[in-house]
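Some notes on the structure that comes next.
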């Protein structure tokens, strides 16, 4: 327990809240958490991360974990996975990448480039219900070194003595918290087996193209886009000639959602109420995006008229 | 973290290994664990538990958690739930009852008596895939005070600002580790809705009767039963006229399993290799139990002949 208070975790302020939740559940709530400064596109600055790790080591602390994102929720930002991987390797830190939203873009040519370095992670969280368009209940953590998982989760007991002897195939019960579980894997295996990767790849490519298209078109309507989309999330906001922009955009969101033709979401970026176009539903096609553009145009006019 | 090393958890040595696993996962691995002595029927002795709690408090330690079992895996033993509940209430300890195996016997008249005090628990684990004969994936923890769960698991984030305002109905995401999940509840709700409780109760009563029947009949075949069955687990072993009883019973188990007509399991009790009749499958009826008795008779004779 002494060591826990001296142990350091490095996070982006844009990390998903499930990371903080997991840290707490794992009993690591007393660790020090450093929020690494971000660049203009909300990505971890690798050089600063390394400086912090060096300083903490000098101070006698115990840096042990870096969490990067392969696509943040707010803006779809991809941290510099390759550079961070070099740092974690050099300093022997556990490297977790949250790829829940963006990981499956690795199947596309463009995504593969952007996610370079994802293979350096020690553990990787993925959500096939997002990037593979499959049913809920498939969220998973992939861990490179299975023996470490086994060391964490293996137990035995007298009443288990009739279970088959340890074979080369590891039992899921020895690699995860659960003992008895239902057969979740079918939902992942069957669609891939039936359809192959091709349609999934095409669908992911479509989402990237739609994000680019929306990013270009929404600006033509007078919206401001702070950053280029990296994957399929576009953040945008309208800056009205007069009045509070935050109030305007909040009202705009409410109008769009109440209209019901499309659903959009929002976030706060540096205190600015910002709209989010997060395109990762298999049902979202060009037609839907054009509808959204029309609805936005309509509602801006309506609010401006007052 | 200082407090963790001074905190005390009280367990039965017969507690399921998932308890130790959960303690480790929750970051409580550095807590002190006291194994409370058991009576002849492998149940926690409440008076000794209280004595230990008092002593630990006197020593400046922090007793905070007692785990009892409403049916242990090895022998189906039910700890004195009511008496332990009085102790945890008096000393303000969290009272967890592992009712995964035996909890649903509360639906029967006999089980209700035996499980008296189960309602005193702060948290209760149940496995409807065991005692309700339903599909896998329904294991749950019931917690009496929902606000404590919410305090543990509630988080918010900018990107969640469009979620509906806090209503009277709590969201599962705020009460458990998971955010997105599939709809597991259907598997529990639909069978209960379709059939009502009656057939489930009848099925549980059948299991209790079968355990009593097996307990009586297996002794007529010359098997030794160390303890009376409390729920639907019966432990038994054959004591051969000559030779090592452990080797004999291990061999007997192998013969029965290899035969294939019935499946039995085993455990170690005080160094004795002991056979387990654990009756909780909806497919196990009188006919199966009679088959088991016949197979046992046959195999004992075969091994004795050499």
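Chains as they are written, first to last, in our numbering: chain A, 1 to 306; chain B, 1 to 306.
Backbone N, C-alpha and C define an ideal beta-carbon position, used for all residues, glycine too.
The structure displayed is predicted, hence computed values, not measured ones.
Open item on the list: Does chain B have any CB closer than 8 Å to the CB of residue 244 of chain A?
Closed with: Translated into positions along the first chain, residue 244 of chain A becomes position 244. Closer than 8 Å: no.
Open item on the list: Taking beta-carbon pairs under 7 Å, can you tell me which members of the stretch 53-78 of chain A lie near chain B?
Closed with: From the stretch 53-78 of chain A, only 73, 74 have a Cβ closer than 7 Å to chain B.
Task: Buried versus exposed, by CB contacts within 10 Å (16 or more), residue 194 of chain A - done: Working through the first chain from its first residue, we reach residue 194 of chain A at position 194. Here residue 194 of chain A is exposed. Its C-beta has fewer than 16 other C-beta atoms within 10 Å.
Open item on the list: For residue 84 of chain A, tell me which candidate among A/67, A/75, A/7, A/198 has the shortest Cα-Cα distance.
Closed with: Within the first chain, residue 84 of chain A is the residue found at index 84, counting from 1. Residue 84 of chain A has its Cα closest to that of A/67, out of A/67, A/75, A/7, A/198.
Open item on the list: Within 10 Å of its beta-carbon, does residue 125 of chain A have 16 or more other beta-carbons around it, so buried, or fewer, so exposed?
Closed with: Position 125 of the first chain, counted from the start, is the residue given in the question as residue 125 of chain A. Buried: at least 16 other Cβ atoms inside 10 Å.
Open item on the list: Relative to the C-alpha of residue 283 of chain A, which candidate in A/81, A/197, A/207 has its C-alpha closest?
Closed with: Mapped onto the first chain, residue 283 of chain A falls at position 283. Comparing Cα positions, the closest option is A/207.
- [ ] Evaluate residue 5 of chain A with the Cβ neighbour count: other Cβ atoms within 10 Å of its Cβ, from every protein chain shown; 16 or more gives buried, anything less gives exposed.
- [x] Locating residue 5 of chain A in the first chain gives position 5, counting from the first residue. Exposed.
Open item on the list: Just to make sure I have the definition right: I need the residues of chain B whose C-beta is within less than 7 Å of the C-beta of residue 27 of chain A. Which are they?
Closed with: In the first chain, counting from the first residue as 1, residue 27 of chain A sits at position 27. 26, 27, 28, listed in chain order.
Task: Proximity of residue 287 of chain A and residue 221 of chain A at Cβ, strictly below 8 Å - done: One-based indexing of the first chain puts residue 287 of chain A at position 287. One-based indexing of the first chain puts residue 221 of chain A at position 221. No. Outside cutoff.
Task: Cβ pair count under 8 Å reaching 3, the stretch 14-31 of chain A against the stretch 45-60 of chain A - done: The stretch 14-31 of chain A, when compared against the stretch 45-60 of chain A, does not touch it at the 8 Å Cβ threshold.
Task: Listed by chain order, chain A residues near residue 20 of chain B by CB distance under 8 Å - done: To locate residue 20 of chain B, count along the second chain from 1; it is residue 20. Within chain A, the residues near residue 20 of chain B are 155.
Task: Short-range partners of chain A found in the stretch 166-179 of chain B, where Cβ spacing is below 7 Å - done: So the list reads 177, 179, given in the order they occur along the chain.
Task: DSSP bridge partner residues for residue 95 of chain A (one or two, in chain order) - done: Translated into positions along the first chain, residue 95 of chain A becomes position 95. Answer is A/66.
TODO: Identify whether residue 7 of chain A lies in helix, strand or coil by the three-state DSSP scheme.
DONE: In the first chain, the residue the question calls residue 7 of chain A occupies position 7. Here DSSP, grouped into helix, strand and coil, assigns residue 7 of chain A to strand.
Task: N- and C-terminal bounds of the beta strand (DSSP E) containing residue 118 of chain A - done: In the first chain, the residue the question calls residue 118 of chain A occupies position 118. Under the DSSP assignment, residue 118 of chain A falls outside any beta strand (DSSP E); it carries neither an H nor an E label.
Task: Sequence-distant residues of its chain with Cβ nearer than 6 Å to residue 100 of chain A (five each side left out) - done: By 1-based counting over the first chain, the position of residue 100 of chain A is 100. Around residue 100 of chain A: 125, 127.
Open item on the list: Against chain B, does residue 121 of chain A count as a neighbour if the rule is that its beta carbon must be under 8 Å from one of theirs?
Closed with: By 1-based counting over the first chain, the position of residue 121 of chain A is 121. Not an interface residue.
Open item on the list: Assess contact between the stretch 248-261 of chain A and the stretch 106-113 of chain A, defined as three or more Cβ pairs (one per stretch) separated by less than 8 Å. Is contact present?
Closed with: Short answer: they don't touch.
Task: Outcome for residue 46 of chain B when other beta-carbon atoms lying within 10 angstroms are tallied against a minimum of 16 - done: Counting from one through the second chain, the residue named residue 46 of chain B turns up at place 46. When all chains shown are included, residue 46 of chain B counts as buried.
- [ ] Could you say which of B/151, B/212, B/78 lies nearest to residue 44 of chain B if we only look at CA atoms?
- [x] In the second chain, the residue the question calls residue 44 of chain B occupies position 44. Of the candidates B/151, B/212, B/78, the one whose C-alpha sits nearest the C-alpha of residue 44 of chain B is B/78.
Open item on the list: Under 8 Å, Cβ to Cβ, is there at least one residue of chain B near residue 135 of chain A?
Closed with: Within the first chain, the letter at position 135 stands for residue 135 of chain A. At least one chain B Cβ lies under 8 Å of residue 135 of chain A.
Task: Beta-carbon gap between residue 75 of chain B and residue 218 of chain B smaller than 8 Å - done: Looking up residue 75 of chain B in the second chain gives position 75. Looking up residue 218 of chain B in the second chain gives position 218. Contact flag unset, no.
- [ ] Out of A/71, A/136, A/146, A/186, state which residue places its alpha-carbon closest to the alpha-carbon of residue 116 of chain A.
- [x] By one-based count along the first chain, residue 116 of chain A stands at place 116. For residue 116 of chain A, the nearest C-alpha among the options comes from A/71.
- [ ] Quick one: grab the DSSP three-state call for residue 32 of chain A.
- [x] For the purposes of this step, residue 32 of chain A is taken as residue 32 along the first chain, with counting starting at 1. Residue 32 of chain A falls in the strand class under three-state DSSP.
Open item on the list: I want to verify the contact list: residues of chain B whose CB lies under 9 Å from the CB of residue 266 of chain A, in sequence order.
Closed with: The residue you call residue 266 of chain A lines up with position 266 of the first chain. Per Cβ cutoff of 9 Å: 158, 159, 161, 162.
TODO: Could you round the C-beta distance between residue 8 of chain B and residue 24 of chain B to whole angstroms and report it? I think they count as a contact, below 8 Å.
DONE: The count along the second chain starts at 1 and reaches residue 8 of chain B at position 8. The count along the second chain starts at 1 and reaches residue 24 of chain B at position 24. About 16 Å separates the two Cβ atoms, so there is no contact after all.
Task: Test: residue 181 of chain A CB closer than 8 Å to a CB of chain B - done: As a position in the first chain, residue 181 of chain A is number 181, starting the count at 1. Chain B, which has a Cβ nearer than 8 Å to the Cβ of residue 181 of chain A, makes this yes.
TODO: Would you verify that the beta carbon of residue 96 of chain B is, or is not, closer than 8 Å to some beta carbon of chain A?
DONE: Here residue 96 of chain B refers to the residue found at position 96 when the second chain is read from its first residue. Proximity of residue 96 of chain B to chain A, defined by a Cβ-Cβ separation below 8 Å, is not satisfied.
- [ ] Could you have a look at residue 100 of chain A and say whether DSSP puts it in helix, strand or coil?
- [x] Residue 100 of chain A sits at position 100 when you count from the first residue of the first chain. The three-state reading of DSSP puts residue 100 of chain A in coil, since its state is none of H, G, I, E or B.
Task: Segments assigned alpha helix (DSSP H), at least 4 residues, entirely inside the stretch 177-223 of chain A - done: 186-195, 198-220, all fully within the stretch 177-223 of chain A.
Open item on the list: Is the beta carbon of residue 28 of chain B closer than 8 Å to that of residue 27 of chain A?
Closed with: Taking the first residue of the first chain as position 1, residue 27 of chain A is located at position 27. Taking the first residue of the second chain as position 1, residue 28 of chain B is located at position 28. Residue 28 of chain B is positioned such that its CB atom lies closer than 8 Å to that of residue 27 of chain A.
Task: Uninterrupted beta strand (DSSP E) stretches inside the stretch 104-164 of chain A (no shorter than 3 residues) - done: Assignment of beta strand (DSSP E) within the stretch 104-164 of chain A, counting only whole runs of 3 or more residues, yields 123-126, 140-143 in chain order.
Open item on the list: Between A/300, A/132, A/113, which has its C-alpha nearest residue 80 of chain A's C-alpha?
Closed with: Start at 1 with the first residue of the first chain, and residue 80 of chain A comes out as number 80. Measuring from the Cα of residue 80 of chain A, the nearest candidate turns out to be A/113.
- [ ] Measure the Cβ-Cβ separation of residue 111 of chain B and residue 209 of chain B and say whether it is below 8 Å.
- [x] Walking along the second chain from the start, residue 111 of chain B turns up at place 111. Walking along the second chain from the start, residue 209 of chain B turns up at place 209. No.
Task: Start-to-end residues for the beta strand (DSSP E) that takes in residue 322 of chain A - done: What is shown of chain A runs 1 to 306, which leaves residue 322 of chain A out entirely.
Open item on the list: Quick check on DSSP: helix, strand or coil for residue 276 of chain B?
Closed with: In the second chain, counting from the first residue as 1, residue 276 of chain B sits at position 276. Three-state DSSP puts residue 276 of chain B in a strand.
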